[in-house]
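Let me begin by presenting the structure, written as structure tokens, before commenting on it.
This is the structure:
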């Protein structure tokens, strides 16, 4: 960050002398400050989970979601500025609807990620706008099976087996790498996802948080839905136990 | 002239990934007088402190009716509030027109939040300078939401916004667990007690400076309220009976925490 | 559009003026200059591929609806495997008569609506009442723009313990009753349905309701030349929407053998 204050970091339409676009990098900072979000692509489905930091005890638990549904078979978890996350999600819904209208078939996630990547990238080109302060994990089960993508503030998007964004992403990635994702079932993945979120939260223990999880699995009939309460409770209980036993 | 290099414009991220213009807009909300919202299983209510510019002036309007099942209280720029509440009314009407159903409250709040987000991302605009407390009622019962200029909306059991709202928040955090089973009278009393915390030292709540917005079945002494209890704003004489119900503050109590501790408004969720 | 009133009601392209009604320089020309909108803006003026009747009745547990599988091209029985009952969300079925391409368009806008509703994921869902109101708005607005969707539609559903059954057509006219029928069925089947159902909406069992619809479909197949003996039944109850596979009507045609024009001709 040696270029701070040199004037090359005030606009998305300005390169620094060494070819960087600082506004995009700063947008990434907004993402890094937020609660962790992870996505797992497994044998028979997708699991999304977020560590939702609770800024007031007056908040109604379970309301104020950070995982959203884009289409029947597509879910989105956002990290970063929540308002930006909603804007990207709204655009995703429009693109999905547009795809359906044009091709009379549900969009593949690859096609949707491509369109969203373009949308986000446009906001890195002009001084009249700022980049999105959000990284979004998109998960779907489409005609090609389960798929998982992350769209970054730069507009770049990659497919993943396991993805993590937000504050605890490094630790979460390490944990995801230990799993044999392509052999897990969605049910097993829910347990793992809860465990990882609880684990990464350890670094910010002083803040309250709420676990939020969704999935697409054989049990949901291909729909993106919240994880059913009994499975959610089981996963959360196991995550807490594991955490407690890890500090004996 | 500016506090730092990154705060002159809403299209600029600071190196820490913050949006200073948006944070300043949140300050504009704190310039307005306080509003408090809370809910029980059956009711959602709003209370607000109205200001007047002088002896010869009327008191400001702090509450707006959006539809039978939705009402708002505002803190910040009234003109921005009028634009947004007009938009909310249109949304509510179009839902009734197109689907013949009252608009789901959470969607209404999300709609203005999405509108506000645009003003945090495009050059030549400023973020809205007003915060809302929105109460609404649908199949899932009464709700309370906060909308902020950052484009966020959250659902709360109880919340306060505006000048010295931290003091009211402290009161609400202490008592919110009991609100669920409160009668309307008890709920309003809690609301007034919370609102009282935001007053300056020598001021008190009276029928001129207090507005109460109610959603839910009528209190025993309320007249002309429909069965389901659509949104109504009580001003003037009508708040008297509620003011009477307040329990006087204990004189031994330490003075309210200074407003400078109002630092809980943040962008990240 | 021909803007010469004296041309109205005559054969087009007439090159002569039999009554010599107006001066030569004003007589109709075959090659008038054509501007882009010379013909006016053309909208749908008739349906092309059509479905015939839809029948629906209320019964004890909800609503039942029936429609055959035929889409006719004029009098030609062109498509015989068309489903005219369309589920909309979890509580509603839409049955359509009239233009089948317009019906397919309506299906797509409703599907989009349902996806939007699902994506909101907030526990609020559209029931039959809301969907009917929405359709009425769409149909009325299209007809007001002189571009109607050429259908008559039945919306049946069951939500929150209440049955719902209503009609809307290409004019945006709405109507609700415990028995409804569109197309030819409005003339032939409706009286039968009324006699069988009215006053007994809360008594009829699913089996009885099915029998009533089946009998009416049979009468329609005998009398409506645009109908087919293959049809489906949709049932909407507290358990949700169920639409049967295509089934065949039992009909007897032996009586017709002696009718001239039907069987083998003897002379």
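Residue numbers (the UniProt record's numbering), protein chains in the order written: chain A, 1 to 248; chain B, 1 to 269; chain C, 1 to 267.
Backbone N, C-alpha and C fix where the C-beta goes; we use that ideal spot for every residue, glycine too.
Unbroken alpha helix (DSSP H) runs of no fewer than 4 residues, entirely contained in the stretch 34–97 of chain A, are not found. At a beta-carbon threshold of 7 Å, the residues of chain A lying near residue 118/C are 69 and 72, ordered along the chain.
For the options 146/C, 228/C and 258/C, the alpha carbon positioned closest to that of residue 76/C is the one of 228/C.
Residue 99/B sits in a helix when the DSSP states are folded into three classes. Looking only at 159/B, 16/B, 70/B and 76/B, the smallest Cα-Cα distance to residue 60/B is reached by 76/B. Listed along chain A are 26, each with a C-beta nearer than 8 Å to that of residue 14/B. Any Cβ of chain C closer than 7 Å to the Cβ of residue 187/A would place that residue at the interface, and such an atom is absent. For chain C, the residues of the stretch 82–104 of chain B that bring a beta carbon within less than 8 Å of one of its beta carbons are 97, 98, 99, 100, 101 and 104, in chain order. In the assembly as shown, residue 254/C is an exposed residue. Its beta-carbon has fewer than 16 other beta-carbons within 10 Å. Not flagged as an interface residue toward chain C: residue 115/A, since no C-beta distance is shorter than 7 Å.
Nearest CB-CB separation between residue 106/B and chain C: below the 7 Å threshold.
In this structure residue 158/A is exposed. Its beta-carbon is surrounded by fewer than 16 other beta-carbon atoms within 10 angstroms. The DSSP-derived three-state label of residue 224/A is coil.
In this structure, residue 167/A and residue 35/A form a Cβ contact; the two beta carbons are roughly 7 Å apart against a cut-off of 8 Å.
A Cβ-Cβ separation of about 19 Å leaves residue 44/C out of contact with residue 226/C under the 8 Å criterion.
Taking C-beta atoms as the reference points, residue 131/C and residue 92/C count as a pair closer than 7 Å.
A direct Cα-Cα distance of roughly 21 Å separates residue 106/C from residue 244/C. DSSP, reduced to helix, strand and coil, places residue 147/B within a strand of the structure shown.
Per DSSP, residue 205/A lies in no alpha helix (DSSP H) segment and is marked neither H nor E. In this structure, residue 191/B keeps its C-beta atom at 7 Å or more from the C-beta atom of residue 29/B. Taking all protein chains shown into account, residue 182/C has 16 or more neighbouring C-beta atoms within 10 Å of its C-beta and is therefore buried. When Cβ-Cβ separations below 7 Å define contact, residue 155/B makes contact with chain A. Between residue 80/A and residue 37/A, the C-beta gap is not smaller than 7 Å, which leaves the two residues out of contact.
Secondary structure of residue 241/B (DSSP, three-state): helix. Residue 55/C places its beta carbon 7 Å or farther from that of residue 178/C. Around the C-beta of residue 102/A, fewer than 16 other C-beta atoms lie within 10 Å, and the residue is accordingly described as exposed. Think of a sphere of 7 Å around the beta carbon of residue 123/C: the chain B residues whose beta carbon falls inside it are 140, in chain order. The alpha-carbon separation between residue 116/A and residue 119/C amounts to approximately 17 Å. Nearest in C-alpha terms to residue 138/B, of all of 124/C, 151/C and 129/C, is 124/C.
Cβ atoms of residue 13/B and residue 23/A come within 8 Å of each other, at about 6 Å. The CB of residue 4/A comes closer than 7 Å to the CB of 15 in chain B, given here in chain order. Chain-order list of chain A residues neighbouring residue 112/C: 97, 100 and 101, by C-beta distance under 8 Å. Legend: CB atoms of the stretch 41–67 of chain A lying less than 8 Å from CB atoms of chain B belong to residues 52, 53, 55, 56, 57, 58, 59, 60, 63, 64 and 66. Shown here for residue 10/B: same chain residues with a beta carbon closer than 8 Å to its own, the five before and five after excluded, namely 19, 21, 22, 119, 120, 121, 122, 123, 125, 126 and 127 in chain order. When C-beta distances to chain B are compared with 8 Å, every residue of the stretch 144–166 of chain A stays at or above that value. Within the stretch 137–182 of chain B, the complete beta strand (DSSP E) runs of at least 3 residues fall at 141–147, 153–155 and 158–161.
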